[in-house]
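Q: Heads up: the sequence lines are chains C and H, in that order.
Under this note's numbering, the letters of the first sequence match residues 383 to 594, in that order.
Under this note's numbering, the letters of the second sequence match residues 383 to 594, in that order.
Note that CB positions come from ideal geometry on N, CA and C, so glycine has one too.
On a predicted model such as this, the values are computed, not experimentally measured, just so you know.
Before anything else, here's the structure in question.
There are 2 protein chains.
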Amino acid sequence: MGVRERKARDRKEMRDTILKSAYRLFLEKGFDDVSIRNVAEAIEYSPATIYLYFKDKNEIIHALHSQGFGLLNKHFQPLYKISDPFKRLSEMGKAYIRFAIKNAEMYKLLFVRSEPMEHLAGCDDKNWEEGDSAFDALSQTIAQCQQKGYFKKFDTHQFSMMVWSFTHGLCALRLSGHLGHVKEEREGKRKLDQIMNETLETFIHTLEKLKQ
Amino acid sequence: MGVRERKARDRKEMRDTILKSAYRLFLEKGFDDVSIRNVAEAIEYSPATIYLYFKDKNEIIHALHSQGFGLLNKHFQPLYKISDPFKRLSEMGKAYIRFAIKNAEMYKLLFVRSEPMEHLAGCDDKNWEEGDSAFDALSQTIAQCQQKGYFKKFDTHQFSMMVWSFTHGLCALRLSGHLGHVKEEREGKRKLDQIMNETLETFIHTLEKLKQ
DNA sequence: TGTTTTTATAAACACTGTTTATCATTTAAC
DNA sequence: GTTAAATGATAAACAGTGTTTATAAAAACA
Numbered sequence: 383m384g385v386r387e388r389k390a391r392d393r394k395e396m397r398d399t400i401l402k403s404a405y406r407l408f409l410e411k412g413f414d415d416v417s418i419r420n421v422a423e424a425i426e427y428s429p430a431t432i433y434l435y436f437k438d439k440n441e442i443i444h445a446l447h448s449q450g451f452g453l454l455n456k457h458f459q460p461l462y463k464i465s466d467p468f469k470r471l472s473e474m475g476k477a478y479i480r481f482a483i484k485n486a487e488m489y490k491l492l493f494v495r496s497e498p499m500e501h502l503a504g505c506d507d508k509n510w511e512e513g514d515s516a517f518d519a520l521s522q523t524i525a526q527c528q529q530k531g532y533f534k535k536f537d538t539h540q541f542s543m544m545v546w547s548f549t550h551g552l553c554a555l556r557l558s559g560h561l562g563h564v565k566e567e568r569e570g571k572r573k574l575d576q577i578m579n580e581t582l583e584t585f586i587h588t589l590e591k592l593k594q
Numbered sequence: 383m384g385v386r387e388r389k390a391r392d393r394k395e396m397r398d399t400i401l402k403s404a405y406r407l408f409l410e411k412g413f414d415d416v417s418i419r420n421v422a423e424a425i426e427y428s429p430a431t432i433y434l435y436f437k438d439k440n441e442i443i444h445a446l447h448s449q450g451f452g453l454l455n456k457h458f459q460p461l462y463k464i465s466d467p468f469k470r471l472s473e474m475g476k477a478y479i480r481f482a483i484k485n486a487e488m489y490k491l492l493f494v495r496s497e498p499m500e501h502l503a504g505c506d507d508k509n510w511e512e513g514d515s516a517f518d519a520l521s522q523t524i525a526q527c528q529q530k531g532y533f534k535k536f537d538t539h540q541f542s543m544m545v546w547s548f549t550h551g552l553c554a555l556r557l558s559g560h561l562g563h564v565k566e567e568r569e570g571k572r573k574l575d576q577i578m579n580e581t582l583e584t585f586i587h588t589l590e591k592l593k594q
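Now the structure itself:
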């Protein structure tokens, strides 16, 4: 009696179809400009059908949110091969920024939007593996830096929060369009990517001076 | 013939009434949950009347955006009395964070939303006094720090961008609800304000070590 | 076969930003 | 003071949104 199994498969398939289509539309049109009706039209079903597979729009957002963290963790994977922890930290910064620029809408969903966090707060299950995993990668690298003599007098967790704050701030300012509107950047003709690289380099140099 | 003058006064008064009412509603309900109809109802006029005084919703947003930068600059005013530049820099960080928390919706409008920046990009007049003024206050303080021996080998502008990125990042993570969802913060029972203070202190200590 | 459960949808509800045609009031001109 | 033009305000409509509900078709089970 494989009917239940097949139905479960069909259901998952439909959910995937919806998510895939929604994500493609989000990349095309930006997050705020995609409606349930758009998604429904793209998969050639009626809008009401979407609600048979997802409770509401927030559940779709949250599902994509989870997928996005998986994507981010994948982007970090190659960096774990770098043995020098400070070099790895530096490359993690660059990779984080690359991810934010290449997947702008997804980055906003992961770290700028507050809906996913509110949804998470409503869940009973307070564990949040995807998010923790990314932050742990940073914390562990910083702990290893400390073993090599960097930022020795600092608390590992607090220092990680500091590094994350900086890197996120830089990405957020870029994605919201604020970077290019600072006077010096308006007048100079540096490209946004260059500004970000220089600012990151400045931060890295700052950290570099904290050895011993 | 003071008719034109009186009409201009009336017009400005109506615009102020609309803006004041809109801002009050934004503080109450959050930015996304305020509609033109809400504003119209609050001032006891029809929705269509709003469009006699503002081209569209974006123009209201932009007007509030300008007012918001005025408010931020006012918050910084008292700090200019502090003669020690590094102490002033440190206090500016605290003041910035206080402003972001106390005026959360306004902060999001000023630094998180991209609409105002897009609106600004569409304007012919590329000058943007309010925004420049706030950033200049930071740059000048950092330049004075450098004269006192701090971060001497760094470019003033790039260092300012770095400091702003960190501070904004911390505020943005707080306002989007991401701060409290880091594993250590979920498990520990530190309050968000305390986390922010500790992270800012970590950053200040980092900068402090860059003397000479 | 008949009955129940599942799946899909059209239509509706209560919203949104914005535009247009209409009406009343105020200003200007004679 | 009367008339014509400009202004101010609005009701109604348009096209869109997220979501719910009643209805019809299809599939699963007995």
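Within the 8 Å Cβ cut-off, does residue 565 of chain H reach chain C?
A: In the second sequence, the residue the question calls residue 565 of chain H occupies position 183. Answer yes: the Cβ-Cβ gap between residue 565 of chain H and chain C drops below 8 Å somewhere.
Q: Along the chain, where does the alpha helix (DSSP H) that runs through residue 436 of chain H open and close?
A: Within the second sequence, the letter at position 54 stands for residue 436 of chain H. Premise fails: residue 436 of chain H is in no alpha helix (DSSP H) and is neither H nor E.
Q: Take residue 443 of chain C and list the residues in its own chain whose beta-carbon comes closer than 8 Å to its own, dropping the five residues that flank it on each side.
A: Along the first sequence, read from residue 1 onward, the residue named residue 443 of chain C stands at position 61. Cβ neighbours of residue 443 of chain C beyond the five flanking positions: 491, 495, 497, 498, 501.
Q: Rounded to whole angstroms, what's the CA-CA distance from residue 512 of chain C to residue 563 of chain H? Just pull it up for me.
A: For the purposes of this step, residue 512 of chain C is identified with residue 130 of the first sequence, where counting begins at 1. For the purposes of this step, residue 563 of chain H is identified with residue 181 of the second sequence, where counting begins at 1. Answer to the nearest angstrom: the Cα atoms are 12 Å apart.
Q: Assign residue 505 of chain H to buried or exposed, taking buried as 16 or more other Cβ atoms, counted over all protein chains shown, within 10 Å of its Cβ.
A: Along the second sequence, one-based indexing puts residue 505 of chain H at 123. With fewer than 16 other Cβ atoms within 10 Å, it is exposed.
Q: List, in chain order, every chain H residue whose beta-carbon is nearer than 8 Å to that of residue 494 of chain C.
A: As a first step, residue 494 of chain C must be located in the first sequence, where it is residue number 112. Here the neighbours are 494, 554, 558.
Q: Report the three-state DSSP secondary structure of residue 532 of chain H (helix, strand or coil).
A: Along the second sequence, one-based indexing puts residue 532 of chain H at 150. Three-state DSSP puts residue 532 of chain H in a strand.
Q: Can you pull the chain C neighbours of residue 539 of chain H, defined as C-beta to C-beta under 7 Å?
A: One-based indexing of the second sequence puts residue 539 of chain H at position 157. The answer, in chain order, is 566.
Q: Taking 8 Å as the cut-off, decide whether the C-beta atoms of residue 493 of chain C and residue 560 of chain H are in contact.
A: Indexing the first sequence from 1 puts residue 493 of chain C at position 111. Indexing the second sequence from 1 puts residue 560 of chain H at position 178. Yes, the Cβ-Cβ distance between residue 493 of chain C and residue 560 of chain H is below 8 Å.
Q: Looking at chain H, is there any beta carbon in it that lies within less than 8 Å of the beta carbon of residue 625 of chain C?
A: Given a span of 383 to 594 for chain C in the structure shown, any question on residue 625 of chain C remains unanswerable.
Q: Identify, in the order they occur along the chain, each residue of the same chain with its Cβ nearer than 6 Å to the Cβ of residue 488 of chain C, setting aside the five sequence neighbours on each side.
A: Here residue 488 of chain C is taken as the residue at index 106 of the first sequence, counted from 1. Result list for residue 488 of chain C: 450, in chain order.
Q: Taking its Cβ as the centre, do 16 or more other Cβ atoms sit within 10 Å of residue 589 of chain C, making it buried, or is it exposed?
A: Numbered from 1 along the first sequence, position 207 holds the residue referred to as residue 589 of chain C. Answer is buried; the Cβ neighbour count reaches 16.
Q: Report yes or no: do the segment 396–407 of chain C and the segment 430–443 of chain C share at least 3 C-beta pairs separated by less than 8 Å?
A: Touching, per the Cβ criterion.
Q: Let me see if you follow: with CB-CB separation under 8 Å, is residue 472 of chain H close to chain C or not?
A: Residue numbering aside, residue 472 of chain H sits at position 90 when the second sequence is read from its first letter. Not an interface residue.
Q: Given this structure, state the Cα-to-Cα distance separating residue 614 of chain C from residue 546 of chain C, to the nearest angstrom.
A: It is not possible to answer for residue 614 of chain C, since the shown part of chain C is limited to 383 through 594.
Q: Evaluate residue 551 of chain C with the Cβ neighbour count: other Cβ atoms within 10 Å of its Cβ, from every protein chain shown; 16 or more gives buried, anything less gives exposed.
A: Stepping through the first sequence from its first residue, residue 551 of chain C is reached at position 169. The residue is buried, with at least 16 neighbouring Cβ atoms inside 10 Å.
Q: Going by CA-CA distance only, name the one from H:510, H:420, H:569 that's closest to residue 447 of chain H.
A: As a working note, residue 447 of chain H is residue 65 in the second sequence. Comparing Cα-Cα distances from residue 447 of chain H to each of H:510, H:420, H:569, the minimum goes to H:510.
Q: Taking three-plus beta-carbon pairs below 8 Å as touching, is the segment 412–428 of chain C in contact with the segment 449–466 of chain C?
A: No, the segment 412–428 of chain C is not in contact with the segment 449–466 of chain C.
Q: At the level of alpha carbons, what is the spacing between residue 471 of chain H and residue 579 of chain H?
A: Sequence index remark: in the second sequence, residue 471 of chain H carries index 89 (1-based). Sequence index remark: in the second sequence, residue 579 of chain H carries index 197 (1-based). C-alpha separation (whole angstroms): 15 Å.
Q: Determine whether the beta carbon atoms of residue 431 of chain C and residue 424 of chain C lie at a separation below 8 Å.
A: Position 49 of the first sequence, counting from 1, holds the residue named residue 431 of chain C. Position 42 of the first sequence, counting from 1, holds the residue named residue 424 of chain C. No.
Q: Check the Cβ-Cβ distances between residue 488 of chain H and every residue of chain C, and say whether any is below 8 Å.
A: Numbered from 1 along the second sequence, position 106 holds the residue referred to as residue 488 of chain H. Closer than 8 Å: no.
Q: Closer than 8 Å by beta-carbon distance: list the chain H residues that pair up with residue 591 of chain C, in chain order.
A: Here residue 591 of chain C refers to the residue found at position 209 of the first sequence. Correct list: 591, 592.
Q: Do you know whose CA, among C:453, C:514, C:464, lies nearest residue 569 of chain H's CA?
A: Here residue 569 of chain H refers to the residue found at position 187 of the second sequence. Ranking C:453, C:514, C:464 by Cα distance to residue 569 of chain H puts C:514 first.
Q: Which full runs of the alpha helix (DSSP H) of 4+ residues lie inside the segment 453–501 of chain C, going along the chain?
A: Segments of the alpha helix (DSSP H) lying fully in the segment 453–501 of chain C: 467–484, 486–489.
Q: Contact criterion: CB-CB distance below 8 Å. Does residue 549 of chain H meet it with respect to chain C?
A: Walking along the second sequence from the start, residue 549 of chain H turns up at place 167. Yes, residue 549 of chain H counts as interfacial toward chain C.
Q: Here's the rule: buried if 16 or more other CB atoms are within 10 angstroms of the residue's CB, otherwise exposed. What is residue 393 of chain H?
A: Residue 393 of chain H sits at position 11 when you count from the first residue of the second sequence. Label assigned to residue 393 of chain H: exposed.
Q: Short check: CB of residue 548 of chain C to CB of residue 592 of chain C, under 8 Å?
A: As a position in the first sequence, residue 548 of chain C is number 166, starting the count at 1. As a position in the first sequence, residue 592 of chain C is number 210, starting the count at 1. Their beta carbons are not under 8 Å apart, which means residue 548 of chain C does not touch residue 592 of chain C by this criterion.
Q: For residue 512 of chain H, return the contacting residues in chain C, with the cut-off set at a CB-CB distance below 9 Å.
A: Numbered from its first residue, the second sequence carries residue 512 of chain H at position 130. What residue 512 of chain H touches in chain C: nothing, since even the nearest Cβ is about 11 Å away.
Q: Name the chain H residues that come within less than 8 Å of residue 517 of chain C, Cβ to Cβ?
A: Here residue 517 of chain C is taken as the residue at index 135 of the first sequence, counted from 1. Within chain H, the residues near residue 517 of chain C are 564, 565.
Q: Compare the C-alpha of residue 586 of chain H against each of H:519, H:524, H:406 and name the closest.
A: For the purposes of this step, residue 586 of chain H is identified with residue 204 of the second sequence, where counting begins at 1. The option with the nearest alpha carbon to residue 586 of chain H is H:524.
Q: Relative to the alpha-carbon of residue 426 of chain H, which residue among H:396, H:462, H:386 has its alpha-carbon at the smallest distance?
A: In the second sequence, the residue the question calls residue 426 of chain H occupies position 44. Among H:396, H:462, H:386, the Cα nearest to that of residue 426 of chain H is on H:396.
Q: Taking the alpha helix (DSSP H) that residue 567 of chain H belongs to, which residues open and close that run?
A: Counting from 1 along the second sequence, the entry for residue 567 of chain H is found at position 185. Where residue 567 of chain H is concerned, the enclosing alpha helix (DSSP H) stretches over 565–569.
Q: In the segment 405–418 of chain H, which residues sit with their C-beta less than 7 Å from some C-beta in chain C, listed in chain order?
A: Those would be none; no residue qualifies.
Q: For a cutoff of 8 Å on Cβ pairs, would you count residue 500 of chain C as touching chain H?
A: What you label residue 500 of chain C is simply residue 118 of the first sequence in a count that begins at 1. By this cut-off, residue 500 of chain C is an interface position.
Q: Against chain C, does residue 584 of chain H count as a neighbour if the rule is that its beta carbon must be under 8 Å from one of theirs?
A: Looking up residue 584 of chain H in the second sequence gives position 202. By this cut-off, residue 584 of chain H is an interface position.
Q: Please list, in chain order, the chain C residues whose beta carbon lies closer than 7 Å to that of residue 580 of chain H.
A: Residue numbering aside, residue 580 of chain H sits at position 198 when the second sequence is read from its first letter. The answer, in chain order, is 540.
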